[in-house]
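S.K.: In this note's numbering, the protein residues as written are 135 to 603. No residue lacks a Cβ here, since even glycine has one placed at the ideal position from N, Cα and C. The model shown is predicted, which means the values in this text are computed figures rather than measured ones.
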(Lines of atoms letter the chains of each structure in order from A and count residues from 1; the text may use other names and numbers.)
(Lines give C-alpha, C1' and ligand atoms only; values in the text may rest on other atoms or scores of the structure.)
Protein backbone atom coordinates (compact mmCIF):
# COMPACT_ATOMS: atom_id res chain seq x y z
CA UNK A 1 0.00 0.00 0.00
CA UNK A 2 1.23 3.47 -0.82
CA UNK A 3 1.34 5.57 2.30
CA UNK A 4 -1.60 7.94 2.41
CA UNK A 5 -0.53 11.24 3.98
CA UNK A 6 -2.95 12.51 6.57
CA UNK A 7 -1.10 15.81 6.84
CA UNK A 8 -0.57 18.59 4.37
CA UNK A 9 3.14 19.30 4.94
CA UNK A 10 6.09 17.57 3.33
CA UNK A 11 9.33 17.08 5.21
CA UNK A 12 12.88 15.99 4.68
CA UNK A 13 13.68 13.02 5.61
CA UNK A 14 15.69 8.26 35.28
CA UNK A 15 15.91 5.74 37.17
CA UNK A 16 12.72 5.92 39.21
CA UNK A 17 10.77 9.10 38.77
CA UNK A 18 8.03 10.51 40.99
CA UNK A 19 5.05 8.62 42.35
CA UNK A 20 2.83 10.48 39.89
CA UNK A 21 4.92 9.25 36.95
CA UNK A 22 4.90 5.70 38.28
CA UNK A 23 1.12 5.75 38.47
CA UNK A 24 0.96 7.19 34.96
CA UNK A 25 3.17 4.34 33.78
CA UNK A 26 0.95 1.73 35.34
CA UNK A 27 -2.08 3.39 33.77
CA UNK A 28 -0.42 3.40 30.35
CA UNK A 29 0.62 -0.22 30.69
CA UNK A 30 -2.93 -1.32 31.50
CA UNK A 31 -4.96 1.15 29.46
CA UNK A 32 -5.84 -1.30 26.70
CA UNK A 33 -5.71 -4.59 28.56
CA UNK A 34 -4.32 -6.14 31.69
CA UNK A 35 -1.32 -8.23 30.67
CA UNK A 36 -1.98 -11.85 31.51
CA UNK A 37 -5.77 -11.50 31.24
CA UNK A 38 -8.21 -11.64 28.37
CA UNK A 39 -8.64 -8.59 26.16
CA UNK A 40 -11.23 -5.95 27.02
CA UNK A 41 -14.76 -6.48 25.64
CA UNK A 42 -15.01 -5.49 22.01
CA UNK A 43 -11.36 -6.15 21.23
CA UNK A 44 -10.16 -9.40 19.71
CA UNK A 45 -12.16 -12.63 19.58
CA UNK A 46 -12.07 -16.21 20.75
CA UNK A 47 -9.19 -16.93 18.37
CA UNK A 48 -6.85 -14.51 20.16
CA UNK A 49 -3.66 -16.51 20.79
CA UNK A 50 -2.52 -17.16 24.35
CA UNK A 51 0.89 -17.98 25.76
CA UNK A 52 2.38 -19.55 28.83
CA UNK A 53 4.17 -17.22 31.25
CA UNK A 54 7.41 -18.92 30.20
CA UNK A 55 6.77 -17.95 26.58
CA UNK A 56 6.02 -14.39 27.68
CA UNK A 57 9.36 -14.33 29.45
CA UNK A 58 11.21 -15.11 26.21
CA UNK A 59 9.87 -11.86 24.72
CA UNK A 60 12.18 -9.94 27.09
CA UNK A 61 15.35 -11.86 26.27
CA UNK A 62 17.26 -8.63 25.54
CA UNK A 63 17.61 -5.60 27.81
CA UNK A 64 15.11 -2.81 27.51
CA UNK A 65 15.88 0.84 26.75
CA UNK A 66 18.06 2.86 29.09
CA UNK A 67 16.29 6.01 30.22
CA UNK A 68 18.14 9.30 30.32
CA UNK A 69 16.33 12.60 30.67
CA UNK A 70 17.71 15.89 29.28
CA UNK A 71 18.60 18.67 31.71
CA UNK A 72 18.05 22.35 30.81
CA UNK A 73 19.83 23.79 33.86
CA UNK A 74 22.14 22.44 36.56
CA UNK A 75 21.26 23.45 40.14
CA UNK A 76 23.63 24.16 43.00
CA UNK A 77 24.44 21.32 45.38
CA UNK A 78 23.26 23.54 48.26
CA UNK A 79 19.74 23.68 46.81
CA UNK A 80 19.45 19.91 46.96
CA UNK A 81 20.86 19.85 50.48
CA UNK A 82 18.18 22.31 51.55
CA UNK A 83 15.51 20.09 50.01
CA UNK A 84 16.85 17.05 51.83
CA UNK A 85 16.90 18.94 55.10
CA UNK A 86 13.27 19.92 54.65
CA UNK A 87 12.32 16.26 54.25
CA UNK A 88 14.30 15.41 57.40
CA UNK A 89 12.59 18.18 59.35
CA UNK A 90 9.14 16.92 58.40
CA UNK A 91 9.88 13.26 59.03
CA UNK A 92 11.51 13.97 62.38
CA UNK A 93 8.10 15.06 63.69
CA UNK A 94 6.91 11.42 63.57
CA UNK A 95 7.95 8.75 66.11
CA UNK A 96 9.88 5.82 64.73
CA UNK A 97 8.70 3.15 64.91
CA UNK A 98 5.09 4.31 64.88
CA UNK A 99 3.24 1.89 67.15
CA UNK A 100 -0.30 1.15 68.21
CA UNK A 101 0.28 2.99 71.46
CA UNK A 102 0.91 6.14 69.44
CA UNK A 103 -2.10 5.74 67.12
CA UNK A 104 -4.65 3.01 67.94
CA UNK A 105 -6.44 3.46 64.60
CA UNK A 106 -4.70 1.04 62.22
CA UNK A 107 -5.69 2.79 58.99
CA UNK A 108 -4.37 6.14 60.17
CA UNK A 109 -1.21 4.63 61.59
CA UNK A 110 -0.42 2.63 58.45
CA UNK A 111 -1.12 5.57 56.13
CA UNK A 112 1.16 7.90 58.07
CA UNK A 113 3.88 5.27 58.18
CA UNK A 114 3.59 4.53 54.45
CA UNK A 115 3.92 8.21 53.61
CA UNK A 116 6.89 8.57 55.93
CA UNK A 117 8.63 5.56 54.36
CA UNK A 118 7.94 6.85 50.84
CA UNK A 119 9.44 10.22 51.72
CA UNK A 120 12.49 8.58 53.28
CA UNK A 121 13.05 6.39 50.22
CA UNK A 122 12.89 9.43 47.94
CA UNK A 123 15.21 11.35 50.22
CA UNK A 124 17.80 8.55 50.25
CA UNK A 125 17.72 8.23 46.47
CA UNK A 126 18.09 11.99 46.00
CA UNK A 127 21.03 12.13 48.41
CA UNK A 128 23.08 9.96 46.04
CA UNK A 129 22.67 12.19 42.99
CA UNK A 130 25.47 14.35 41.60
CA UNK A 131 25.93 16.88 38.82
CA UNK A 132 23.07 17.32 36.37
CA UNK A 133 21.04 14.58 38.07
CA UNK A 134 20.42 17.03 40.88
CA UNK A 135 17.97 18.75 38.56
CA UNK A 136 15.76 15.65 38.48
CA UNK A 137 16.22 15.11 42.21
CA UNK A 138 15.07 18.64 42.97
CA UNK A 139 11.97 18.28 40.82
CA UNK A 140 11.23 14.96 42.52
CA UNK A 141 11.46 16.78 45.86
CA UNK A 142 8.04 18.26 45.16
CA UNK A 143 6.36 14.88 45.66
CA UNK A 144 8.83 13.90 48.38
CA UNK A 145 7.95 16.96 50.45
CA UNK A 146 4.25 16.51 49.77
CA UNK A 147 4.04 13.00 51.25
CA UNK A 148 6.36 13.92 54.12
CA UNK A 149 4.15 16.88 55.00
CA UNK A 150 1.03 14.72 54.73
CA UNK A 151 2.50 12.33 57.27
CA UNK A 152 3.81 15.02 59.61
CA UNK A 153 0.61 17.09 59.66
CA UNK A 154 -1.64 14.05 60.04
CA UNK A 155 0.45 13.05 63.09
CA UNK A 156 0.34 16.53 64.59
CA UNK A 157 -3.39 16.90 63.90
CA UNK A 158 -4.20 14.06 66.28
CA UNK A 159 -3.55 16.20 69.36
CA UNK A 160 -3.52 19.72 67.87
CA UNK A 161 -6.15 22.33 68.54
CA UNK A 162 -8.31 21.93 65.42
CA UNK A 163 -9.30 25.59 65.05
CA UNK A 164 -5.71 26.83 65.42
CA UNK A 165 -4.40 24.25 62.97
CA UNK A 166 -6.97 25.07 60.30
CA UNK A 167 -6.33 28.80 60.72
CA UNK A 168 -2.60 28.23 60.22
CA UNK A 169 -3.23 26.16 57.10
CA UNK A 170 -5.54 28.77 55.60
CA UNK A 171 -3.00 31.52 56.27
CA UNK A 172 -0.34 29.35 54.69
CA UNK A 173 -2.56 28.82 51.66
CA UNK A 174 -2.82 32.56 51.08
CA UNK A 175 0.95 32.96 51.31
CA UNK A 176 1.72 30.00 49.03
CA UNK A 177 -0.79 31.05 46.40
CA UNK A 178 0.63 34.58 46.35
CA UNK A 179 4.22 33.36 46.02
CA UNK A 180 3.27 30.95 43.25
CA UNK A 181 1.42 33.68 41.33
CA UNK A 182 4.50 35.91 41.57
CA UNK A 183 6.72 33.13 40.26
CA UNK A 184 4.41 32.44 37.32
CA UNK A 185 4.39 36.15 36.48
CA UNK A 186 8.18 36.23 36.15
CA UNK A 187 9.33 36.34 32.50
CA UNK A 188 10.32 32.78 31.69
CA UNK A 189 10.48 32.68 27.88
CA UNK A 190 14.09 33.73 27.69
CA UNK A 191 17.32 32.30 26.40
CA UNK A 192 20.29 32.72 24.13
CA UNK A 193 19.12 33.53 20.61
CA UNK A 194 21.14 30.78 19.00
CA UNK A 195 19.92 27.44 17.69
CA UNK A 196 21.14 25.61 20.79
CA UNK A 197 19.82 28.41 23.00
CA UNK A 198 16.32 28.24 21.55
CA UNK A 199 16.24 24.45 21.82
CA UNK A 200 17.30 24.60 25.44
CA UNK A 201 14.84 27.39 26.18
CA UNK A 202 11.89 25.32 24.90
CA UNK A 203 12.75 22.44 27.23
CA UNK A 204 13.17 24.81 30.16
CA UNK A 205 9.88 26.59 29.41
CA UNK A 206 7.99 23.31 29.00
CA UNK A 207 9.04 21.92 32.36
CA UNK A 208 8.66 25.27 34.12
CA UNK A 209 5.16 25.77 32.70
CA UNK A 210 4.18 22.22 33.57
CA UNK A 211 5.38 22.25 37.17
CA UNK A 212 3.97 25.67 38.00
CA UNK A 213 0.66 24.89 36.32
CA UNK A 214 0.36 21.64 38.25
CA UNK A 215 0.95 23.46 41.53
CA UNK A 216 -1.52 26.18 40.58
CA UNK A 217 -4.25 23.69 39.72
CA UNK A 218 -3.62 21.82 42.96
CA UNK A 219 -4.03 25.03 44.95
CA UNK A 220 -7.12 26.05 42.99
CA UNK A 221 -8.81 22.87 44.25
CA UNK A 222 -7.55 23.36 47.81
CA UNK A 223 -9.81 23.48 50.81
CA UNK A 224 -9.88 22.29 54.39
CA UNK A 225 -12.86 21.79 56.72
CA UNK A 226 -13.46 21.30 60.42
CA UNK A 227 -15.10 17.95 59.68
CA UNK A 228 -12.00 16.60 57.92
CA UNK A 229 -10.25 13.69 59.58
CA UNK A 230 -6.52 13.84 60.34
CA UNK A 231 -5.55 12.14 57.08
CA UNK A 232 -7.59 14.63 55.04
CA UNK A 233 -5.99 17.50 56.94
CA UNK A 234 -2.60 15.94 56.19
CA UNK A 235 -3.44 15.79 52.49
CA UNK A 236 -4.44 19.46 52.52
CA UNK A 237 -1.13 20.36 54.14
CA UNK A 238 0.71 18.19 51.60
CA UNK A 239 -0.83 20.18 48.76
CA UNK A 240 0.45 23.40 50.34
CA UNK A 241 3.89 21.86 50.66
CA UNK A 242 3.82 20.93 46.98
CA UNK A 243 3.08 24.55 46.08
CA UNK A 244 5.83 25.86 48.34
CA UNK A 245 8.45 23.43 47.07
CA UNK A 246 7.51 24.02 43.43
CA UNK A 247 7.83 27.78 43.89
CA UNK A 248 11.12 27.48 45.73
CA UNK A 249 12.88 25.14 43.31
CA UNK A 250 11.80 27.14 40.25
CA UNK A 251 13.03 30.34 41.87
CA UNK A 252 16.40 28.60 42.15
CA UNK A 253 16.25 27.22 38.62
CA UNK A 254 15.32 30.66 37.26
CA UNK A 255 18.32 32.19 38.98
CA UNK A 256 20.69 29.52 37.65
CA UNK A 257 19.20 29.70 34.15
CA UNK A 258 19.47 33.49 34.01
CA UNK A 259 23.07 33.27 35.19
CA UNK A 260 23.90 30.81 32.42
CA UNK A 261 22.31 33.04 29.79
CA UNK A 262 24.32 36.05 30.98
CA UNK A 263 27.53 34.07 30.57
CA UNK A 264 26.65 33.15 27.00
CA UNK A 265 25.15 34.98 24.04
CA UNK A 266 23.08 37.23 26.25
CA UNK A 267 19.55 37.37 27.57
CA UNK A 268 16.84 37.45 24.91
CA UNK A 269 13.08 37.38 25.28
CA UNK A 270 11.79 34.54 23.12
CA UNK A 271 8.07 34.82 23.79
CA UNK A 272 7.31 36.07 20.28
CA UNK A 273 9.37 33.23 18.79
CA UNK A 274 7.55 30.64 20.87
CA UNK A 275 4.13 32.07 20.12
CA UNK A 276 4.81 32.20 16.38
CA UNK A 277 6.13 28.61 16.39
CA UNK A 278 3.03 27.42 18.21
CA UNK A 279 0.72 29.26 15.82
CA UNK A 280 2.49 27.70 12.83
CA UNK A 281 2.19 24.29 14.47
CA UNK A 282 -1.55 24.75 14.95
CA UNK A 283 -1.90 25.75 11.30
CA UNK A 284 -0.05 22.57 10.38
CA UNK A 285 -2.45 20.51 12.53
CA UNK A 286 -5.46 22.24 10.99
CA UNK A 287 -4.17 21.50 7.50
CA UNK A 288 -3.61 17.86 8.42
CA UNK A 289 -7.37 17.65 9.12
CA UNK A 290 -7.02 14.33 10.92
CA UNK A 291 -10.40 12.54 10.87
CA UNK A 292 -12.58 12.96 13.93
CA UNK A 293 -13.31 9.97 16.16
CA UNK A 294 -16.71 11.31 17.22
CA UNK A 295 -18.74 9.21 14.77
CA UNK A 296 -18.96 5.50 14.01
CA UNK A 297 -15.66 3.64 14.30
CA UNK A 298 -16.10 1.94 10.92
CA UNK A 299 -16.36 5.34 9.22
CA UNK A 300 -13.24 6.54 11.01
CA UNK A 301 -11.22 3.49 9.96
CA UNK A 302 -12.23 4.12 6.37
CA UNK A 303 -11.35 7.81 6.65
CA UNK A 304 -7.82 7.07 7.85
CA UNK A 305 -7.17 4.48 5.15
CA UNK A 306 -8.08 1.25 6.92
CA UNK A 307 -11.04 0.18 4.81
CA UNK A 308 -12.60 -3.02 6.05
CA UNK A 309 -11.25 -2.68 9.57
CA UNK A 310 -14.20 -4.60 11.02
CA UNK A 311 -13.75 -3.95 14.74
CA UNK A 312 -12.83 -7.54 15.62
CA UNK A 313 -9.16 -7.32 14.71
CA UNK A 314 -6.91 -7.51 17.68
CA UNK A 315 -5.04 -4.29 16.90
CA UNK A 316 -8.12 -2.10 17.06
CA UNK A 317 -7.33 -0.62 20.47
CA UNK A 318 -3.77 0.30 19.49
CA UNK A 319 -4.69 2.11 16.27
CA UNK A 320 -7.66 3.85 17.92
CA UNK A 321 -5.54 5.14 20.79
CA UNK A 322 -2.85 6.24 18.37
CA UNK A 323 -5.47 8.36 16.61
CA UNK A 324 -6.73 9.70 19.93
CA UNK A 325 -3.21 10.90 20.79
CA UNK A 326 -3.17 13.03 17.65
CA UNK A 327 -6.45 14.72 18.57
CA UNK A 328 -5.32 15.32 22.15
CA UNK A 329 -2.08 16.95 21.02
CA UNK A 330 -3.96 19.20 18.59
CA UNK A 331 -6.51 20.29 21.19
CA UNK A 332 -3.80 20.91 23.77
CA UNK A 333 -1.92 23.19 21.37
CA UNK A 334 -4.98 25.36 20.98
CA UNK A 335 -5.62 25.41 24.74
CA UNK A 336 -2.04 26.43 25.55
CA UNK A 337 -2.06 29.18 22.93
CA UNK A 338 -5.13 30.67 24.58
CA UNK A 339 -3.60 30.26 28.07
CA UNK A 340 -0.24 31.62 26.84
CA UNK A 341 1.60 28.63 28.28
CA UNK A 342 3.77 28.38 25.21
CA UNK A 343 6.28 25.96 26.72
CA UNK A 344 3.56 23.35 27.17
CA UNK A 345 2.19 24.10 23.72
CA UNK A 346 5.51 23.57 21.96
CA UNK A 347 5.93 20.15 23.55
CA UNK A 348 2.48 19.20 22.31
CA UNK A 349 3.38 20.52 18.86
CA UNK A 350 6.32 18.13 18.66
CA UNK A 351 4.17 15.32 20.02
CA UNK A 352 1.63 16.00 17.26
CA UNK A 353 4.32 15.76 14.58
CA UNK A 354 5.58 12.45 15.96
CA UNK A 355 2.13 10.98 16.61
CA UNK A 356 0.76 11.80 13.16
CA UNK A 357 3.78 10.39 11.33
CA UNK A 358 3.88 7.35 13.59
CA UNK A 359 0.18 6.73 13.00
CA UNK A 360 0.63 6.87 9.23
CA UNK A 361 3.48 4.39 9.37
CA UNK A 362 1.84 1.81 11.61
CA UNK A 363 -1.45 2.29 9.72
CA UNK A 364 0.31 1.40 6.47
CA UNK A 365 1.90 -1.68 8.01
CA UNK A 366 -1.43 -2.90 9.35
CA UNK A 367 -3.12 -2.29 5.99
CA UNK A 368 -0.33 -4.16 4.18
CA UNK A 369 -0.52 -7.09 6.60
CA UNK A 370 2.99 -6.48 7.96
CA UNK A 371 1.55 -5.95 11.44
CA UNK A 372 -1.21 -8.30 12.51
CA UNK A 373 -2.09 -10.51 15.43
CA UNK A 374 0.95 -12.67 16.23
CA UNK A 375 0.78 -16.44 16.00
CA UNK A 376 3.56 -17.13 18.49
CA UNK A 377 5.85 -15.45 21.02
CA UNK A 378 8.68 -15.37 18.48
CA UNK A 379 6.76 -12.77 16.48
CA UNK A 380 6.24 -10.64 19.59
CA UNK A 381 9.92 -10.89 20.45
CA UNK A 382 10.87 -9.91 16.89
CA UNK A 383 8.52 -6.91 17.01
CA UNK A 384 10.06 -5.79 20.30
CA UNK A 385 13.54 -6.16 18.81
CA UNK A 386 12.48 -3.96 15.88
CA UNK A 387 11.27 -1.31 18.33
CA UNK A 388 14.58 -1.42 20.22
CA UNK A 389 16.51 -1.09 16.96
CA UNK A 390 14.41 1.95 16.07
CA UNK A 391 15.15 3.35 19.52
CA UNK A 392 18.88 3.13 18.94
CA UNK A 393 18.58 4.83 15.56
CA UNK A 394 16.55 7.62 17.14
CA UNK A 395 19.12 8.03 19.90
CA UNK A 396 21.84 8.45 17.29
CA UNK A 397 19.81 11.17 15.56
CA UNK A 398 18.49 12.93 18.70
CA UNK A 399 21.09 12.67 21.49
CA UNK A 400 19.48 12.31 24.91
CA UNK A 401 22.10 14.51 26.56
CA UNK A 402 21.06 17.44 24.36
CA UNK A 403 18.78 19.86 26.26
CA UNK A 404 15.85 20.05 23.87
CA UNK A 405 12.23 19.00 23.51
CA UNK A 406 13.33 16.44 20.93
CA UNK A 407 15.52 14.71 23.51
CA UNK A 408 12.70 14.87 26.05
CA UNK A 409 10.19 13.38 23.60
CA UNK A 410 12.64 10.58 22.82
CA UNK A 411 13.08 9.81 26.53
CA UNK A 412 9.31 9.89 27.00
CA UNK A 413 8.75 7.43 24.14
CA UNK A 414 11.44 5.12 25.53
CA UNK A 415 9.73 5.26 28.91
CA UNK A 416 6.42 4.27 27.33
CA UNK A 417 8.20 1.37 25.61
CA UNK A 418 9.62 0.29 28.97
CA UNK A 419 6.10 0.34 30.45
CA UNK A 420 5.05 -2.19 27.81
CA UNK A 421 8.04 -4.29 28.87
CA UNK A 422 6.74 -4.05 32.43
CA UNK A 423 3.35 -5.35 31.29
CA UNK A 424 5.00 -8.34 29.60
CA UNK A 425 7.10 -8.97 32.71
CA UNK A 426 3.95 -9.05 34.83
CA UNK A 427 2.45 -11.59 32.43
CA UNK A 428 5.62 -13.68 32.67
CA UNK A 429 5.39 -13.72 36.47
CA UNK A 430 1.87 -15.16 36.60
CA UNK A 431 0.93 -18.67 37.66
CA UNK A 432 2.67 -21.11 35.26
CA UNK A 433 -0.64 -22.92 34.78
CA UNK A 434 -2.46 -19.81 33.60
CA UNK A 435 -2.11 -18.69 29.99
CA UNK A 436 -1.75 -15.01 29.10
CA UNK A 437 -2.54 -12.78 26.11
CA UNK A 438 0.04 -10.39 24.68
CA UNK A 439 -1.69 -9.10 21.56
CA UNK A 440 -2.03 -5.56 22.90
CA UNK A 441 1.62 -5.49 23.93
CA UNK A 442 2.57 -6.66 20.43
CA UNK A 443 0.57 -3.79 18.97
CA UNK A 444 2.22 -1.32 21.33
CA UNK A 445 5.68 -2.50 20.27
CA UNK A 446 4.65 -1.93 16.66
CA UNK A 447 3.36 1.54 17.52
CA UNK A 448 6.56 2.53 19.37
CA UNK A 449 8.71 1.20 16.55
CA UNK A 450 6.88 3.50 14.14
CA UNK A 451 7.00 6.51 16.50
CA UNK A 452 10.73 6.07 17.11
CA UNK A 453 11.44 5.69 13.40
CA UNK A 454 9.68 8.95 12.55
CA UNK A 455 10.90 10.95 15.55
CA UNK A 456 13.99 12.42 13.82
CA UNK A 457 11.79 13.67 10.95
CA UNK A 458 9.25 15.08 13.42
CA UNK A 459 12.00 16.86 15.33
CA UNK A 460 13.36 18.35 12.13
CA UNK A 461 9.93 19.69 11.13
CA UNK A 462 9.44 21.23 14.55
CA UNK A 463 12.90 22.78 14.58
CA UNK A 464 12.43 24.28 11.13
CA UNK A 465 9.68 26.45 12.61
CA UNK A 466 11.39 27.18 15.92
CA UNK A 467 14.74 28.16 14.43
CA UNK A 468 13.37 30.20 11.54
CA UNK A 469 14.66 33.78 11.58
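Identify, in the order they occur along the chain, each residue of the same chain with its Cβ nearer than 7 Å to the Cβ of residue 247, setting aside the five sequence neighbours on each side.
M.R.: Counting from one through the chain shown, the residue named residue 247 turns up at place 113. 232.
S.K.: Beta carbon of residue 221, beta carbon of residue 253: below 8 Å?
M.R.: Against the chain shown, residue 221 aligns to sequence position 87. Against the chain shown, residue 253 aligns to sequence position 119. The Cβ-Cβ distance between residue 221 and residue 253 falls below 8 Å.
S.K.: Tell me residue 429's beta-bridge partners as DSSP assigns them.
M.R.: Reading the chain shown from its first residue, position 295 is the one you call residue 429. DSSP lists no partner for residue 429.
S.K.: Between the region 412-424 and the region 467-486, are three or more C-beta pairs nearer than 8 Å?
M.R.: yes
S.K.: Could you give the first and the last residue of the continuous alpha helix (DSSP H) run that contains residue 187?
M.R.: The count along the chain shown starts at 1 and reaches residue 187 at position 53. Note, residue 187: alpha helix (DSSP H), 187-193.
S.K.: Can you list, in chain order, the residues of its chain whose CB lies under 8 Å from that of residue 202, leaving out five sequence neighbours each side?
M.R.: Taking the chain shown and counting its residues from 1, one reaches residue 202 at position 68. Cβ within range, chain order: 148, 534, 535, 545.
S.K.: If I'm right that residue 325 touches residue 402 with Cβ under 8 Å, what's the distance once you round it to whole angstroms?
M.R.: Residue mapping note: residue 325 aligns to position 191 of the chain shown, counting from 1. Residue mapping note: residue 402 aligns to position 268 of the chain shown, counting from 1. The Cβ separation is near 6 Å, so the contact holds.
S.K.: Select from 372, 225, 290, 308 the residue whose C-alpha is nearest the C-alpha of residue 284.
M.R.: For the purposes of this step, residue 284 is taken as residue 150 along the chain shown, with counting starting at 1. Comparing Cα positions, the closest option is 372.
S.K.: May I ask you to report which of helix, strand or coil DSSP gives residue 438?
M.R.: Walking along the chain shown from the start, residue 438 turns up at place 304. Correct three-state label for residue 438: coil.
S.K.: By Cβ distance below 6 Å, which residues in the same chain neighbour residue 281 in space, the five residues on each side in sequence not counted?
M.R.: Taking the first residue of the chain shown as 1, we reach residue 281 at position 147. 249, 252, 253, listed in sequence order.
S.K.: Can you tell me whether residue 505 is helix, strand or coil according to DSSP?
M.R.: Numbered from 1 along the chain shown, position 371 holds the residue referred to as residue 505. Under the three-state reduction of DSSP output, residue 505 falls in the coil class, being neither helix nor strand.
S.K.: When you compare the CB positions of residue 323 and residue 309, do they come within less than 8 Å of one another, or not?
M.R.: As a working note, residue 323 is residue 189 in the chain shown. As a working note, residue 309 is residue 175 in the chain shown. Not a contact, by the Cβ cut-off of 8 Å.
S.K.: Please list the terminal residues of the continuous alpha helix (DSSP H) segment that includes residue 554.
M.R.: For the purposes of this step, residue 554 is identified with residue 420 of the chain shown, where counting begins at 1. Its alpha helix (DSSP H) spans residues 539-562.
S.K.: Considering Cα atoms alone, identify which of 439, 273, 418 is closest to residue 425.
M.R.: Within the chain shown, the letter at position 291 stands for residue 425. Of the listed residues, the one whose Cα sits closest to residue 425 is 439.
S.K.: Return the first residue and the last residue of the alpha helix (DSSP H) that residue 590 is part of.
M.R.: By one-based count along the chain shown, residue 590 stands at place 456. Taken as a continuous stretch (DSSP letters only), the alpha helix (DSSP H) holding residue 590 covers 573-600.
S.K.: Along the chain, which unbroken stretches of the alpha helix (DSSP H) at least 4 residues long are found entirely within the region 201-268?
M.R.: 211-225, 240-261
S.K.: Report the three-state DSSP secondary structure of residue 402 (helix, strand or coil).
M.R.: Translated into positions along the chain shown, residue 402 becomes position 268. Looking at residue 402 - three-state DSSP - the assignment turns out to be strand.
S.K.: Given this structure, state the Cα-to-Cα distance separating residue 164 from residue 557, to the nearest angstrom.
M.R.: Reading the chain shown from its first residue, position 30 is the one you call residue 164. Reading the chain shown from its first residue, position 423 is the one you call residue 557. Note that residue 164 has pLDDT 40, beneath the 50 cutoff, so the model's placement of it is unreliable and no number is given.
S.K.: Should the region 372-390 be regarded as contacting the region 296-311, the criterion being three or more beta carbon pairs within less than 8 Å?
M.R.: yes
S.K.: Can you tell me where the alpha helix (DSSP H) with residue 329 in it begins and where it stops?
M.R.: By 1-based counting over the chain shown, the position of residue 329 is 195. Element bounds for residue 329: 329-354.
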